[in-house]
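In the numbering used here, the protein residues as written are 19 to 410.
No residue lacks a Cβ here, since even glycine has one placed at the ideal position from N, Cα and C.
Below you'll find the structure, written out as structure tokens, and then a few comments.
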Amino acid sequence: MGNKTALVGLWVAIGFIGALAVYFYYATPKASAKLPAPQPSVNQPAAVTATPATALSPVPSPLPTPKTRPVLPARPSQPSVIISETTPVTSTIAADKLAVKIAEWEKKYPRLFTAHPELKELLSNPLWYEWGKLRQILIEELQNGSLEIYIYFMGVGSISYDTPIHTALSENKAILINDLSGFLSHPAPEMRRGSLVVLELIAAKEMIPIAINLLSDSDTGVCKAAISYLGAVGAQEARYKIAECLTDDAHHEVRGAAIYALGLLGAKESIPKLICSLSDEQGYILATTIRSLGELDAKEAIPQIRNSLNDSDKEVRLATILTLARLGDKESIPYTVTMLSDTDFEQCLVALNALRALNAKEAIPDIRKLLDSPNRMIREAAQELIQDIEPK
């Protein structure tokens, strides 16, 4: 009995001691454990001795302030009509490429760089230059009659030196209209003509009324440029005025420009006049007339157009077979097949295109002969056409 009592007392004491140990373990704060410093290896330099870790604080430390990128200035937009002295314009050309370009310009326009010594410095910075000062020089050149210099540097000197001229000029559309509008009445015909050419490039419809008045200009080049401009910008209000230029006493260049413009404008009322032009002796006038009749879908002109199938001028013949195909003239297929010669690459491809437009299945045997042509492009074009029109 005594032994049992002693054993129970021992187990009670052990339990009490264990409970007391658990209480003190959770009741007292724990210190952060120290990690052993890494030992340097043979091939690695010893690490810098770290500062001993401090005890953990019950209050968490604030997060570090994130780093922010510096705000860059906005890239300047293209200048408006009113440009200040310091309005910068960017250019994407590299410095070395720019130096080569400037040397070319100096050689091309020696008088310009001699008259304006500051021009080279204005253009020398590959990223920035004084646009206002450069434009002042260009305006001065324009007023002195140097339209070529003005246009050239407005095109390549204000955007990117690698940008196509018409794209670059379009970026400066408002400026060009402002600068050139007054020169449409300039006493020098080359200034009037050149201004119209540029306005056509940038599709400036604002000048349509003035251009219509220039259709009666005494200078042939100005009249031709006015017609070309009106056709390109889609000036429907000018159709009848342009048709009046199709007179026998009009210069052939003016007639050619008028015929082309009437096709662009879809002037179906001019078809009778265009049919009369099919008797013109000028080859390019005849070819332009045929193409414009095709643009106007003038099926009533098919019999007259067929008369040009045997014309001595190659351009007239090519224009004829393409236009007849466009108008759906199946009777032109036999003649078109005779043009399937691999000795004339251009003529052969035009004939294949015409046969495609006509869906000329009856021409497949003749087209197959081109599969043995030494010209790879002709072989491929013939094979593709056969696959498209051959009955499945």
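Cβ pair residue i, residue j closer than 9 Å
i	j	result
A250	L296	no
D406	R386	no
K286	L314	yes
E271	A305	no
A276	C263	yes
A381	L345	no
I220	S199	no
G274	Q300	yes
L137	L160	no
L327	L311	no
Candidates the options: closest to residue i by CA position
i	options	result
I195	P205, I167, P207 and I226	I226
M395	A381, A378, N328 and T361	T361
M209	A117, I167 and L280	I167
C241	K223, A261 and A222	A261
E364	R335, L141 and L345	R335
D197	A229, E189 and S213	S213
L140	I323, K126, K379 and I120	I120
R211	S236, Q401 and N190	S236
I230	V215, V216 and A256	A256
Distance, residue j Cα to residue i Cα
i	j	result
K348	R397	24 Å
I155	I169	12 Å
A71	L116	Per-residue confidence for A71 stands at a pLDDT of 38, beneath the threshold of 50, marking its modelled position as unreliable; no derived number is given.
H204	D266	29 Å
I308	P290	13 Å
R129	P207	23 Å
D390	Y353	22 Å
G150	F201	21 Å
P409	L340	23 Å
L376	L233	39 Å
P91	E189	Bear in mind that a pLDDT of 37 at P91, under 50, signals an unreliable position, so the model cannot answer this.
A343	S350	8 Å
G239	P135	35 Å
H269	G284	23 Å
Q401	D329	29 Å
I157	A133	14 Å
N393	V368	15 Å
E124	S142	12 Å
I193	A222	11 Å
E318	L388	34 Å
L187	K379	48 Å
F131	E122	11 Å
A372	V215	33 Å
S288	D331	25 Å
Y278	D114	44 Å
C294	A337	17 Å
N325	Y302	16 Å
L280	I323	18 Å
Neighbourhood of residue i by C-beta distance below 7 Å, restricted to the same chain and skipping five residues each side
i	result
P321	none
E224	I195
D384	V355 and L358
K191	I220 and A222
Y17	No information on residue 17 is available, as it lies outside the stretch 19 to 410 that the chain covers here.
G163	A206 and M209
Own chain partners of residue i with C-beta closer than 6 Å, once the 5 adjacent residues on each side are dropped
i	result
Y258	none
L370	A399 and L403
D298	L304
F171	L156
Chain-order list of residues whose beta-carbon lies under 8 Å from that of residue i (same chain, five-residue window excluded)
i	result
S359	Q365 and C366
E218	A243, S246, Y247, A250 and V251
V118	none
Proximity test, Cβ basis, 9 Å: residue i and chain C
i	result
E398	In the structure shown, chain C does not exist; there is a single protein chain.
Contiguous alpha helix (DSSP H) assignments of at least 4 residues, all confined to the stretch 181-259 | 183-189, 191-198, 207-219, 226-231 and 238-250
Mind listing, in chain order, the continuous alpha helix (DSSP H) runs of no fewer than 4 residues lying wholly within the stretch 323-376?
-> 332-344, 351-355 and 363-375
What alpha helix (DSSP H) runs, 4 residues minimum, are completely inside the stretch 279-317?
-> 289-294 and 301-313
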